[in-house]
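Going by our numbering, the sequence shown opens with residue 12, and the numbers climb by one from there. Backbone N, C-alpha and C fix where the C-beta goes; we use that ideal spot for every residue, glycine too. Here is the structure we will look at, set down as structure tokens.
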Amino acid sequence: MAIFNRMTRRRWELFCSHRRGFYSLILLGLSLFISLFAEFICNHKPLILKYENEYLFPVFKVYPETKFGGFFETETDYKDEEILESLTSHGNWALWAPIRFGPTEVDFDLEEPAPSKPDNRHLLGTDDRARDVLARLIFGFRISLLFGLVLSLLGIFFGIVAGALQGYLGGAFDLFFQRITEIWSSLPELFILIILTSIFEPSIYIMLVLMAMMGWMGLAAYVRAEFLKAREYDFVQSPLALGASRLRVMWVHIFPNTLAPVITFFPFRVSAAITGLASLDFLGLGVPSPTPSLGELLAQGKANLHSWWIIVSTFFVMVFMILCLNFIGEGVQKAMDPKAVLE
12 MAIFNRMTRR
22 RWELFCSHRR
32 GFYSLILLGL
42 SLFISLFAEF
52 ICNHKPLILK
62 YENEYLFPVF
72 KVYPETKFGG
82 FFETETDYKD
92 EEILESLTSH
102 GNWALWAPIR
112 FGPTEVDFDL
122 EEPAPSKPDN
132 RHLLGTDDRA
142 RDVLARLIFG
152 FRISLLFGLV
162 LSLLGIFFGI
172 VAGALQGYLG
182 GAFDLFFQRI
192 TEIWSSLPEL
202 FILIILTSIF
212 EPSIYIMLVL
222 MAMMGWMGLA
232 AYVRAEFLKA
242 REYDFVQSPL
252 ALGASRLRVM
262 WVHIFPNTLA
272 PVITFFPFRV
282 SAAITGLASL
292 DFLGLGVPSP
302 TPSLGELLAQ
312 GKANLHSWWI
322 IVSTFFVMVF
332 MILCLNFIGE
342 GVQKAMDPKA
352 VLE
């Protein structure tokens with residue numbers, strides 16, 4: 012355990028010495044943390060209301076218009092002039108989000124046709140449906156990064172399980188599974204995704220499952236090779252001779268030796284997952300509208316080349332994510348290098 016801790020500390024020191032990777036991790040982590048509270052940053056509803064000596068939280072709960080002196084039982088339109096006057100009179104007050112537009116809210120009070128240029132009302136302008144670009148970028152960033160992380164973790168899980176079973180069991184099971192893997196990997200991924208998304212109703216969860224089905228094979232091949240090689244070593248055969256179970260031997264004695272490449276490739280797998288989702292959204296085959304999507308914003312920028320603010324801002328966010336992930340990957344590669352760790 013002491014050796015493990017010492018090696019872990021050494022690897023962390025090596026990663027921190029890679030300045031681009033270390034600062035990229037901080038920037039990306041901070042950006043993700045901020046985006047997790049996107050509902051408190053971009054929202055057309057007040058965050059907190061004090062109305063008639065009662066504290067209300069519209070961001071969490073739906074209040075009918077009759078609550079504020081209206082006539083309808085429908086959800087309150089907090090931008091209605093009469094409602095606004097009621098919320099700010101007789102000692103009442105409201106705390107609003109910094110950006111008073113949600114990612115799917117249409118602004119019907121634009122002074123020019125959508126897509127409108129950046130101004131004090133919309134800092135990065137609006138898209139062709141009069142929705143705030145900055146709000147959609149913040150939510151799209153969160154969806155893309157979380158999607159990439161979850162998809163990469165699923166791919167790693169399936170790849171490790173499949174490769175470990177093939178490599179350790181070997182024999183007929185390995186040959187049979189290899190043939191299935193070869194057939195599955197030869198299928199055109201994009202065409203399969205297009206066909207399946209036309210059959211199933213598109214959603215972020217369907218996209219996650221479909222892309223996870225195609226993203227585990229490369230890692231499985233490496234894990235299989237490592238298990239095939241390690242299962243004949245003395246440190247594996249000795250526990251078996253002493254009565255240890257196969258599952259324990261696989262998990263405790265072989266699996267840790269496969270972690271280095273798994274950890275090293277993880278940032279690059281996340282980057283590939285993000286670009287894959289953006290590509291499908293760009294083609295109109297990804298998450299359904301009106302879900303905020305970076306790929307959909309790129310498609311809007313392509314369709315409205317005169318609206319430079321859409322394509323420039325979205326391109327900047329995409330480049331920021333990909334560069335940070337690649338720099339983190341470089342730092343992880345340096346930290347997992349056995350020669351550097353033992354120096």
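* Span of the beta strand (DSSP E) around Ile59 -> As a working note, residue 59 is residue 48 in the sequence shown. Its beta strand (DSSP E) spans residues 59 to 62.
* Asked: When DSSP builds the beta bridges, which residues end up paired with Arg142?
  -> As a position in the sequence shown, residue 142 is number 131, starting the count at 1. Beta-bridge pairing links Arg142 to Val117.
* **Sufficient close CB pairs (3 or more, under 8 Å) joining the region 69 to 76 to the region 44 to 61** => With the cut-off at 8 Å, the region 69 to 76 and the region 44 to 61 touch.
* Under 9 Å, do Pro272 and Tyr233 count as touching if we go by C-beta distance? -> Within the sequence shown, numbered from 1, the residue matching residue 272 stands at position 261. Within the sequence shown, numbered from 1, the residue matching residue 233 stands at position 222. Closer than 9 Å, so yes.
* Measuring alpha carbon to alpha carbon, tell me which of Asp348, Tyr244, Ser209 ends up nearest Leu291. => Taking the first residue of the sequence shown as 1, we reach residue 291 at position 280. Closest in C-alpha terms to Leu291, from the list Asp348, Tyr244, Ser209, comes Ser209.
* DSSP state of Pro86 mapped onto helix, strand, coil -> By one-based count along the sequence shown, residue 86 stands at place 75. It is Glu, not Pro, that sits at residue 86 in the sequence shown. In the three-state reduction of the DSSP assignment, Glu86 falls in the strand class.
* Beta-carbon spacing of Gly178, Arg235 below 9 Å -> Against the sequence shown, residue 178 aligns to sequence position 167. Against the sequence shown, residue 235 aligns to sequence position 224. Less than 9 Å separates the beta-carbon of Gly178 from that of Arg235.
* Can you give the Cα-Cα distance for Ile94 and Gly81, rounded to whole angstroms? -> The residue you call residue 94 lines up with position 83 of the sequence shown. The residue you call residue 81 lines up with position 70 of the sequence shown. Each residue's alpha carbon lies about 8 Å from the other.
* **Segment contact, 8 Å Cβ cut-off, at least three pairs: the region 334 to 352 with the region 25 to 35** => Pairwise C-beta distances place the region 334 to 352 in contact with the region 25 to 35, as three or more of them are shorter than 8 Å.
* Please go through the same chain and pick out, in chain order, the residues whose beta-carbon is closer than 8 Å to the beta-carbon of Ile14, but skip the five residues on each side of it. => Residue numbering aside, residue 14 sits at position 3 when the sequence shown is read from its first letter. Because the pLDDT of Ile14 is 45, which lies under 50, any placement of that residue in the model is unreliable, and the number read from its coordinates should be weighed accordingly. By the criterion of a C-beta distance shorter than 8 Å, Ile14 is surrounded by no residue of its chain, once the five residues flanking it on both sides are discounted.
* Top-ranked residue by Cα proximity to Asp138, from Val328, Pro303, Arg190, Tyr89 -> Taking the first residue of the sequence shown as position 1, residue 138 is located at position 127. By alpha-carbon distance to Asp138, the top candidate from Val328, Pro303, Arg190, Tyr89 is Pro303.
* To do: Taking 9 Å as the cut-off, decide whether the C-beta atoms of Leu38 and Cys335 are in contact.
  => Working through the sequence shown from its first residue, we reach residue 38 at position 27. Working through the sequence shown from its first residue, we reach residue 335 at position 324. It is a contact, given that the beta carbons lie within the stated cut-off.
* Opposite Thr137 in the DSSP bridges: which residues? -> On the sequence shown, residue 137 is found 126 positions in, with the first residue counted as 1. BP columns for Thr137 point to Asp143.
* Asked: With which residues is Pro356 paired in a DSSP beta bridge?
  -> Residue 356 falls outside the range modelled here, since the chain spans only 12 to 354, and no answer is possible.
* Do you know how far the Cα of Val323 is from the Cα of Leu246? -> Numbered from its first residue, the sequence shown carries residue 246 at position 235. Numbered from its first residue, the sequence shown carries residue 323 at position 312. According to the sequence provided, residue 246 is Phe. The question's Leu does not apply to it. Those two C-alpha atoms are separated by around 55 Å.
* To do: Report back the beta-carbon spacing between Met224 and Leu162 to the nearest angstrom; my notes put them in contact at under 8 Å.
  => Taking the sequence shown and counting its residues from 1, the one referred to as residue 224 is at position 213. Taking the sequence shown and counting its residues from 1, the one referred to as residue 162 is at position 151. Not quite, the Cβ-Cβ distance comes to about 11 Å (not below 8 Å), so this is no contact.
* Once you ignore the five residues that flank Gln311 on each side, which residues in its own chain have a CB closer than 6 Å to its CB? -> Within the sequence shown, residue 311 is the residue found at index 300, counting from 1. So the qualifying residues of the chain are Asp138, Asp139, Ile321.
* Assigned exposure category for Met12 - 16 Cβ within 10 Å defines buried -> On the sequence shown, position 1 is the one that residue 12 refers to. Summary for Met12: the model assigns pLDDT 42, below 50, so the residue's position carries little reliability, and this model does not support an answer.
* So what's Tyr244 in DSSP terms, helix, strand or just coil? -> Stepping through the sequence shown from its first residue, residue 244 is reached at position 233. Secondary structure at Tyr244: coil, using DSSP grouped into helix, strand and coil.
* Report all residues from its chain with a CB closer than 7 Å to the CB of Leu106; omit the five preceding and five following residues, and keep chain order. => Position 95 of the sequence shown, counting from 1, holds the residue named residue 106. Around Leu106, the same chain offers Pro57, Leu58, Ile59 as residues with beta carbons nearer than 7 Å, after the five sequence neighbours per side are excluded.
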